[in-house]
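Worksheet: one structure, shown below.
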Amino acid sequence: MTSIPNAGAAQILREISATIVENKAWLSEIDGKIGDGDHGVNMAKGFGRAAERTPPDASLTEALQTLSDVLMAEIGGSMGPLYGMMFSDMADALGDIDQIDATSFARMLRAGLDGVQEIGSAKKGDKTLLDTLIPAVETFEAHLAMGDSFGVSLAAMRKAAQDGRDSTLDMVARIGRSARLGERSRGVLDAGASSCALILSGFADEITARLENA
Amino acid sequence: MQRFFNNPDDIVDETVAGFVRAHRNMVRQSPENPRVVLSNWAGKPGRVGVVTGGGSGHEPAFIGYAGRNMVDSVAVGELFSSPTAKTFHDAIRAADGGAGVAVLYGNYAGDNMNVKMARKMAAKDGVTVETVVANDDVCSAPLEEREKRRGVAGEIFMWKIGAAKAAQGADLTGVIAAAQKAIDNCRSVGVGLGPCTLPAVGHPNFQIEPGKMEVGIGHHGEPGARVEDLGRANDVADDMVKIVLDDHDLPEGSEVAVLVSGLGATPINELYVLYDRIEQQIEARGLKVWRPYVGNYFTSLDMVGATLTVMALDDELKSLLEVPCACPALQEGQ
């Protein structure tokens, strides 16, 4: 298969939410090393609430919008607006399409990245979620442009997201709460880059499973 | 440290609920958004509205500064986490008396983003919003990058001055200018002796080794500029005064307001031990302490430590500090 139905694809985001909730303690722990340690708590709260409010048979578009609404209206912090904008713009990019193929998924990813960059002011290399998101989006687009299948492109995206997350280990934070640490922020993963890698890996795993089982 | 809580997820809601009960003569919860605390005097027609907001866990900040001739409405966030854009927007609407709204808040990435979005939402309602972003924490960035510095206890002076100006009937430009002058004239430093713990996380976010202290620590445990051996109170006080005044460059004879706040778990008496030396040191540098404030004005959960804020005064700031006000955390001229 080269695409998955949008209807019922809310389950993808419910699985991602479950992963975020499972990783609550880990995300807070890495955040606590250079931030204030609430990333896992707030992410789990937002994703958990959104999953509860998303019917399993809803579309991915609807699920993304619900998640965005919860993050924007109930979570706050930095991640509320950043991920809130990302998921809202992803939902807008999918719109009411019936089938999600590689091209529409690429459009969704790019819109999400644009949304984050519109509200935030970070750049690649600042030790933020963009260090996961930018290479992941660019890698997916590049593989698609080379004519690779949806599944192959997703696998490459997942690898790029994880490499991007790992690249933050040796970075010095230049924005957000950890930026004030300077050199002392080196040697720790960025929490936002880590949660972003969980989200993107979740998309890759869940969509791949659906493509193979269809 | 053992703590009082029910479900950690409910701490903020329960804090606000208890707070508005305890201080109902001055504040109430917004009927539209339980995460907005309103002064009982909020929204007076023709007066500029004054709004602030931030993460919880800093009590009495931020909610304790809502009251008469003080902040009109406060957006309440999760512990150490910015309020949502919607909550800031609801706070702005509640404070609006038709003369515009001044949002006076601290320089944190989340607050910057959420206020930015709230301001756009308010513009759609036809409410003019201007902001002042507090950046008084000396150790969080060099002086030449002051726009990167965090906002800490200097925010209290920013709120007091901005709100007093609004109470005198100034327009939005005047209120913003006064609040901006207040924060421009503020310098702060924090010293941490022990970390703080978010109840939902359950263990400290960072460690301060026994016998050590972090000089320049932030309000959420952002590590300080340096870690060194814990000194005697007088040595710590001397260091704090030096950090703040070396950054300030005030002419001899300047009058200052001084605020020493505990970070949550330091006994109040130790704040007075620090203050005794701090005032002597400030005056030894040729400055005059016009008005001192000592107490738990702006805390960080159960962090052990204290902050020092010095605001340079002129005639306008002095007269605005003296404007009577009544809010749970501060009383003037009563």
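From first to last, the protein sequence lines stand for chains A and B. Residue numbering for the first sequence follows my numbering, starting at -14 and increasing by one per position. Residue numbering for the second sequence follows my numbering, starting at 2 and increasing by one per position. Backbone N, C-alpha and C define an ideal beta-carbon position, used for all residues, glycine too.
For Phe63 (chain B), not one C-beta of chain A is nearer than 8 Å to its own C-beta. Around the beta carbon of Leu144 (chain B), fewer than 16 other beta carbons sit within 10 angstroms, so the residue counts as exposed.
From the beta-carbon of Ala201 (chain B), the residues of chain A found nearer than 7 Å are Val26. Closer than 8 Å to the CB of Met57 (chain A) there is at least one CB belonging to chain B. Beta-bridge analysis with DSSP links Gly54 (chain B) to B:Ala76. In the DSSP assignment, Glu47 (chain A) falls outside any beta strand (DSSP E) and within the unbroken alpha helix (DSSP H) covering Leu45 to Val55. Ala86 (chain B) belongs to the set of residues whose beta carbon lies under 8 Å from a beta carbon in chain A.
A distance below 7 Å between beta-carbons, with the five flanking residues on each side excluded, links Asn115 (chain B) to the following residues of its chain, in chain order: Ser83, Pro84, Thr85, Ala86 and Phe89.
Not a single C-beta of chain B is nearer than 8 Å to the C-beta of Ser73 (chain A).
Less than 8 Å separates the beta-carbon of Ala180 (chain B) from that of Met159 (chain B).
Three or more Cβ pairs closer than 8 Å define a contact, and the segment 236 to 244 of chain B falls short of that threshold against the segment 196 to 209 of chain B. Within 7 Å of the CB of Pro224 (chain B), the CB atoms of chain A belong to Leu166 and Arg169, in sequence order along the chain. Residue state for Gln30 (chain B) is assigned as strand, using DSSP reduced to three classes. Listed as beta-bridge partners of Cys187 (chain B) by DSSP are B:Met312. Identification of residues in the segment 82 to 111 of chain B having a C-beta nearer than 8 Å to some C-beta of chain A yields Ser82, Ser83, Pro84, Thr85, Ala86, Lys87, Thr88, Tyr109, Ala110 and Gly111, given in sequence order. Residue pairing of Thr132 (chain B) in beta bridges, as defined by DSSP: B:Val104.
Bounds of the beta strand (DSSP E) holding Ala327 (chain B) are Cys326 to Cys328.
In chain order, Leu12 and Met28 place their CB closer than 6 Å to the CB of Ser180 (chain A), counting only its own chain and leaving out the 5 sequence neighbours on each side.
Around the beta carbon of Thr51 (chain A), 16 or more other beta carbons sit within 10 angstroms, so the residue counts as buried.
Rounded to whole angstroms, Ala35 (chain A) and Leu302 (chain B) show a C-alpha spacing of 29 Å. When DSSP states are grouped into helix, strand and coil, Met70 (chain A) belongs to the helix group. Sorting A:Leu(-2), A:Gly(-7) and A:Val157 by C-alpha distance to the C-alpha of Met75 (chain A) places A:Leu(-2) at the top.
For the options B:Val176, B:Gly101 and B:Asp137, the alpha carbon positioned closest to that of Asp126 (chain B) is the one of B:Gly101. The beta carbons of Ser57 (chain B) and Val75 (chain B) sit no closer together than 8 Å. Pairing Glu123 (chain A) with Thr53 (chain B), the inter-Cα distance amounts to about 39 Å. With its beta carbon less than 8 Å from one in chain B, Ile160 (chain A) belongs to the interface. For Gly33 (chain A), DSSP assigns no beta-bridge partner whatsoever. A contact between stretches requires three or more CB pairs, one per stretch, nearer than 8 Å, and the segment 221 to 233 of chain B fails this requirement with the segment 277 to 284 of chain B.
The criterion of a C-beta distance shorter than 8 Å is satisfied by Leu80 (chain B) and Ile12 (chain B).
Residue ranges of uninterrupted beta strand (DSSP E) with 3 or more members, entirely inside the segment 52 to 140 of chain A and ordered along the chain, are 84 to 86. Setting aside the 5 residues that flank it on each side, Ser320 (chain B) has no residue in the same chain whose C-beta is closer than 6 Å to its C-beta. For Lys289 (chain B), the enclosing beta strand (DSSP E) begins and ends at Lys289 to Gly296. With its beta carbon at least 8 Å from every one in chain B, Ser179 (chain A) lies outside the interface.
For Gly136 (chain A), the closest C-alpha among the options A:Ala194, A:Leu94, A:Asp155 and A:Glu14 is that of A:Ala194. Annotation: Gly44 (chain B) to Gly50 (chain B) spans about 6 Å, alpha carbon to alpha carbon.
Against chain B, the beta carbon of Gly105 (chain A) has neighbours under 7 Å at Met114, listed in chain order.
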